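Undergrad:
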Amino acid sequence: MVVDAQVPASLRAELVAVAARTLAGYDPSAVPPSLRRVAAFAPAKRASAGAVPLWSALDDEHFRSRAARTWAGEHPDLAAALGAPARPHEPDDEPGDQPEHEPDDVPGDQPEHEPDREQDREPQGPPVAAPAPSLAAAAGAWLLGADWRALLPSTATAPHRTGPATPPDAAARARDELERVRAERDAALEELATLRKQARRLRSDADRARAEGRRALEQAAEELAQARAARDEAATALEVAGDERRAADAERTAARAELRVARKLADARVRLLLDTIVDAASGLRTELALPPASELPADLVAPAQEAAPARLGSRGRHVDDPGLLDELLRQPRAHLVVDGYNVTKTGYAELTLERQRRMLVDGLAGLATRTGAEVTCCFDGRPTPLAPGTLAHGVRVRFSVGEIADDLIRRLVQAEPTGRVVVVVTSDQEVARDVEARGAYVVPSATLVARLRHA
-17 MVVDAQVPAS
-7 LRAELVAVAA
3 RTLAGYDPSA
13 VPPSLRRVAA
23 FAPAKRASAG
33 AVPLWSALDD
43 EHFRSRAART
53 WAGEHPDLAA
63 ALGAPARPHE
73 PDDEPGDQPE
83 HEPDDVPGDQ
93 PEHEPDREQD
103 REPQGPPVAA
113 PAPSLAAAAG
123 AWLLGADWRA
133 LLPSTATAPH
143 RTGPATPPDA
153 AARARDELER
163 VRAERDAALE
173 ELATLRKQAR
183 RLRSDADRAR
193 AEGRRALEQA
203 AEELAQARAA
213 RDEAATALEV
223 AGDERRAADA
233 ERTAARAELR
243 VARKLADARV
253 RLLLDTIVDA
263 ASGLRTELAL
273 PPASELPADL
283 VAPAQEAAPA
293 RLGSRGRHVD
303 DPGLLDELLR
313 QPRAHLVVDG
323 YNVTKTGYAE
333 LTLERQRRML
343 VDGLAGLATR
353 TGAEVTCCFD
363 GRPTPLAPGT
373 LAHGVRVRFS
383 VGEIADDLIR
393 RLVQAEPTGR
403 VVVVVTSDQE
413 VARDVEARGA
423 YVVPSATLVA
433 RLRHA
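Residue numbers (my numbering): -17 to 437.
So, in structure tokens, the structure goes:
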């Protein structure tokens, strides 16, 4: 049967309500595909929110038969008056698929009959002893294929009718109102049950959230305690470091005070010794009573003697010969000590100090690679970071902090064991005499500059 488009709105609303209640009796897995979204609504809202798909679903014979059975269970008297069987036959009815409201008081057992499969069959005439016109009776007649127009109340087709209502009409309206109130009550109860389930679920979620919050709070408190312990430990370490630094500062201050006292003591001793020598010389002059000098120093100056030849190296090489430097550095475990600025002022005086250091260190690196000797280069002043790549492998760069480079060179030579070949490159005669006295070889700065330029 094709859904009649001329059904009044009031009857259509009644049929949609019956369809919504019929949908509630379906198993979730057996809900028709077109009504699955409607089944997801709350039962009280299905008739209003899903009116269109529910009305369209009544065109399906199987669903319409289910709706007729639902209506018969709700209105057994009307069903009996319309001649409907207790359980209208459903095509393709599955075993165990029972409606939610199974009528058990429909009077009369009538034999089942096969419903007409024609889509557009003529409505049957109203049965003998037809029920009073009402929306419920008209809806049942429509679902059963009977003449529903005869059972339609006059208010459904003539909403503006005036005058007092007849008793049958008033009773029908009262029954309709009672049915509507009951339906609303059932819908409200179902919605209340749904809300209670949601409230229980929300309480469970809240309990879980509180438990998770407590766990997070405990974890945060533990992490905070660990952070505070680490902070206290760091504060203790900082305090210990501060105490050690203050102790080191105090020791350094005391050492400087002792050094000043030692210098003053040395000056006093020198002054006392000098005064003693002067007094002794005066006393000796008086005691010896030496006569006045008859000759002056200029009278005793002898002719100039030929200067003594410079010390020769191996195979008769002169100290100014760059070959002597190579020969000395090829000795086993030789150590080359360079007076840095003394050499750079000789060969690279026009450059800046940084460029001078870079040129010298790069040249010494190549010399150390070729000869295999240990090379130490000494500069005056505090350490200055060299550009990347200028501190070549094999060259030890030392800066004299708190002293001059000459004293650093003397201490380096003094630290070497007796018998090791130590070559000092400097043009400072005082340094040369001191290191030669300790067994080191001295090569002028110009010799090293010449050797590096010819490398």
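Idealized CB from N, CA, C, for every residue including glycine. Note that the coordinates shown come from a computational prediction; the quantities given were computed from them, not determined experimentally.
1. Take S136 as the anchor and find which of S116, A153, R196 has the nearest alpha-carbon.
2. Taking the alpha-carbon positions, what's the V110 to K27 distance?
3. Hey, would you say R378 sits closer than 8 Å to F361, going by beta carbons?
4. Report buried or exposed for A118, applying the criterion of at least 16 other Cβ atoms within 10 angstroms of its Cβ.
5. When you compare only the Cα positions, how much space is there between E204 and E233?
6. Grouping DSSP H, G and I as helix and E and B as strand, with all else coil, what is Y323?
7. Using the Cβ count rule (16 or more neighbours within 10 Å means buried), how would you classify P304?
8. How many Å lie between R(-6) and P10 at the Cα?
9. Could you pull the DSSP bridge partners for S382 from this structure?
10. Where does V(-11) fall in DSSP's three states?
11. Using the beta-carbon count (16 or more within 10 Å), is H44 buried or exposed?
12. What is the residue span of the beta strand (DSSP E) that V425 lies within?
13. Hey, how far is the Cα of R392 from the Cα of A229?
14. Taking C-beta to C-beta, are L430 and L256 nearer than 8 Å?
15. Distance check for R190 and D158, CA to CA, integer angstroms please.
16. I need the DSSP call for H44, collapsed to helix, strand or coil.
17. Quick check on the DSSP output: the beta strand (DSSP E) that includes V406 runs from which residue to which?
18. Does DSSP classify E269 as helix, strand or coil?
19. Pick helix, strand or coil for V20, following the three-state DSSP scheme.
20. The alpha helix (DSSP H) that contains Q338, what's its start and end?
21. Touching or not, the segment 312 to 322 and the segment 393 to 407, by the rule of three or more beta carbon pairs under 8 Å?
22. When the Cα atoms are used, what is the spatial distance from L40 to A181?
23. Using CA coordinates, which residue listed in R227, D214, A6, A(-1) is at the minimum distance from V163?
24. Taking C-beta to C-beta, are T408 and D321 nearer than 8 Å?
25. Could you compute how far the alpha carbon of A170 sits from the alpha carbon of T4?
26. Assuming L133 contacts A153 under a Cβ cut-off of 8 Å, what Cβ separation, rounded to an integer in Å, is found between them?
27. Kindly indicate which three-state DSSP category L64 falls into: helix, strand or coil?
28. Taking Cβ to Cβ, would you say V417 is nearer than 8 Å to V406?
29. Grab the span of the alpha helix (DSSP H) containing S38 for me, first residue to last.
30. Is the beta carbon of L318 less than 8 Å from the beta carbon of E356?
31. One question on the structure: do A24 and T176 come within less than 8 Å of each other, judged by their Cβ atoms?
32. Where do the N-terminal and C-terminal ends of the alpha helix (DSSP H) with Q411 fall, by residue?
33. Do G7 and V20 have their beta-carbon atoms positioned less than 8 Å apart in this structure?
34. Can you have a look at A435 and say buried or exposed, based on whether 16 or more other CB atoms are within 10 angstroms of its CB?
TA: So, from the listed chains and residues:
1. Considering only S116, A153, R196, the residue with the shortest C-alpha distance to S136 is S116.
2. Interpretation of V110 is limited by its pLDDT of 43, a score under 50 that renders its predicted location unreliable; no figure is taken from the coordinates.
3. With respect to the 8 Å criterion, R378 and F361 are not classified as neighbours on the basis of their beta carbons.
4. Result: buried.
5. A straight-line Cα-Cα distance of about 43 Å links E204 and E233.
6. Looking at Y323 - three-state DSSP - the assignment turns out to be helix.
7. Label assigned to P304: buried.
8. Approximately 25 Å, taken between the alpha carbons.
9. In the DSSP output, where bridge partners are listed per residue, S382 has D362.
10. V(-11) carries a coil assignment under DSSP once its states are collapsed to helix, strand and coil.
11. Looking at its Cβ environment, which holds fewer than 16 other Cβ atoms inside 10 Å, H44 is exposed.
12. Where V425 is concerned, the enclosing beta strand (DSSP E) stretches over 423 to 425.
13. Within the model, the alpha-carbon separation for R392 versus A229 is close to 31 Å.
14. No; because the gap between Cβ atoms is not below 8 Å, this pair is not in contact.
15. In this structure, the straight-line span from the alpha carbon of D158 to that of R190 is close to 47 Å.
16. Under the three-state reduction of DSSP output, H44 falls in the helix class.
17. It spans 404 to 407 - the beta strand (DSSP E) in which V406 sits, taken as one unbroken run.
18. If DSSP states are grouped into helix, strand and coil, E269 belongs with the helices.
19. V20 sits in a helix when the DSSP states are folded into three classes.
20. Segment 335 to 353, the alpha helix (DSSP H) holding Q338.
21. Touching, yes.
22. Going by C-alpha positions, L40 is about 35 Å away from A181.
23. The candidate whose alpha carbon is nearest that of V163 is A(-1).
24. If you check the CB distance, T408 and D321 come in under 8 Å.
25. Just so you know, the alpha carbons of A170 and T4 end up roughly 17 Å apart.
26. Actually they are not in contact, since the Cβ atoms of L133 and A153 sit about 14 Å apart, beyond 8 Å.
27. Taken through DSSP and simplified to helix, strand or coil, L64 comes out as coil.
28. Taking C-beta atoms as the reference points, V417 and V406 count as a pair closer than 8 Å.
29. Run containing S38: 33 to 39, per the alpha helix (DSSP H) assignment.
30. Going by C-beta atoms, L318 is nearer than 8 Å to E356.
31. Less than 8 Å separates the beta-carbon of A24 from that of T176.
32. Per DSSP, the continuous alpha helix (DSSP H) segment holding Q411 begins and ends at 411 to 419.
33. No, the pair does not count as a contact, with Cβ atoms beyond the cut-off.
34. Reading off the sequence, residue 435 comes out as Arg, not Ala. With fewer than 16 Cβ atoms within 10 Å of its Cβ, R435 is classed as exposed.
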